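Numbering (this note's numbering), first residue to last: 39 to 454.
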Ligand SMILES: Cc1cc2nc3c(=O)[nH]c(=O)nc-3n(C[C@H](O)[C@H](O)[C@H](O)COP(=O)(O)O)c2cc1C
């Protein structure tokens, strides 16, 4: 439930809110449960059915780009279509995560994932998407407010090019998802999958580089069939566990996530972003006012300890990690790291491999600084920045449903 959390199954939440009074109340209302949907509402996931017969090329392209991964599923994308043949991407500054992402690094990466899917979709239609990052000048500080002074993250010009071959990663756009539950501990990530992921992170050879070769991005992996050993795997799990605990027990970071919880079909349909919770028991508790999202639970509250236990189980089922580092950490690098991550995840999807970013230790807020240092010493001892760290594997049984996450649709991101 907290920062892009693995979710918490029903029993934890029952414990969370767990006094006898709550049980009595929910038992008495058991009949009402039938009326509380545990399903993801169809309208919230309709964008995953694709653009259909959308006649407008740019809107068709955008219908793919909105399926990109984004931290907390915030979808901070705004696109200006006022110039024919062009799309200008802006960051929606009402959709930032100031507590957990104070420098907007993950927001910039999430602009990059969008751009990469946009480029893949354009290519599918025989259009070369010429991407110019920060055409109005780069902002190293806070993302400038929207409005007349807004500065674009990217300008994309579409140029018809009959010589372009479709990128096979395009086919994975509708299949990709972030898998936050258990992984199958018995299955090793195949060498073929690792190779495909590593290659996908690199700029394409030849004239039409899909990614600019400026990031100096390096791809690392740890897994039983890779360079890993049990102690190194355990060290990564340990850092992930502790960083997660800190985020959950730091009231302002926990509250940031709680505010993005969309509880039940009604809220999910209304917002189509954020952290979706569909468990019928939780929805019921929400309806009767027993799921308090206005203040962070105490550290020893079962709401926290239950999530930590779940997350630790997910980590224990994880036997492989990947990471991506860059020598610099400027805005363009962050966007390009996001583009690369999108490609890596699509390549993994083609091999049936799932992943979940573990950004907690990579975040730049004070309380988590020791873990930030620990993960950087481990994965980037030369002083590089770890832009992405993720657990990797094959979906395991049990745990929460890991289906398609809601999207707000193309109209919601068109800048007026
Ligand atoms: C930059 C970035 C950081 C992310 N960090 C996390 C994370 O720390 N934990 C997590 O579970 N998911 C993380 N995600 C995944 C998002 O939660 C996910 O993309 C979003 O909920 C939409 O779901 P989907 O990827 O299945 O479409 C991250 C994604 C991006 C692009």
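For each residue, glycine too, the CB sits at the ideal point set by N, CA and C.
Computed from a predicted structure; not experimentally measured.
Query, Result
"CB contact flag (residue 261, residue 358, <9 Å)", "yes"
"Closer than 8 Å: residue 144 CB and nearest ligand 1 heavy atom", "yes"
"beta-carbon residue 297 near ligand 1 non-hydrogen atom, thresh 8 Å", "no"
"Residue-level contact to chain D via CB, residue 379, 9 Å cutoff", "Considering every chain present, this structure includes no chain D. It has just one protein chain."
"Proximity below 9 Å, CB of residue 280 to CB of residue 409", "yes"
"Contacts around residue 423, its chain only, beta-carbon distance under 7 Å, and the 5 residues preceding and following it disregarded", "363, 364 and 367"
"Residue 111 beta carbon near ligand 1 (any heavy atom closer than 8 Å)", "yes"
"Residue 107 and residue 214 closer than 9 Å at C-beta", "yes"
"Exposed unless 16 or more other CB atoms sit within 10 angstroms - verdict on residue 411", "exposed"
"Proximity test, residue 443 beta-carbon vs ligand 2 heavy atom, cut-off 8 Å", "Ligands in the displayed structure: ligand 1; ligand 2 is not one of them."
"Neighbourhood of residue 143 by C-beta, 6 Å cutoff - its chain only, sequence neighbours within 5 removed", "372"
"Residues near residue 334 by beta carbon distance below 6 Å, same chain, minus five either side", "289, 292 and 293"
"Unbroken alpha helix (DSSP H) run spanning residue 257, endpoints", "That residue, residue 257, is in no alpha helix (DSSP H); its beta strand (DSSP E) goes 256–260."
"For residue 378 and residue 147, the rounded distance between their alpha carbons", "9 Å"
"Where residue 233 sits in the DSSP three-state scheme", "helix"
"Where residue 410 sits in the DSSP three-state scheme", "helix"
"Cβ-heavy atom distance, residue 235 to ligand 1, below 8 Å", "no"
"Candidates 434, 450, 452 and 448, of which the one nearest residue 217 by Cα", "434"
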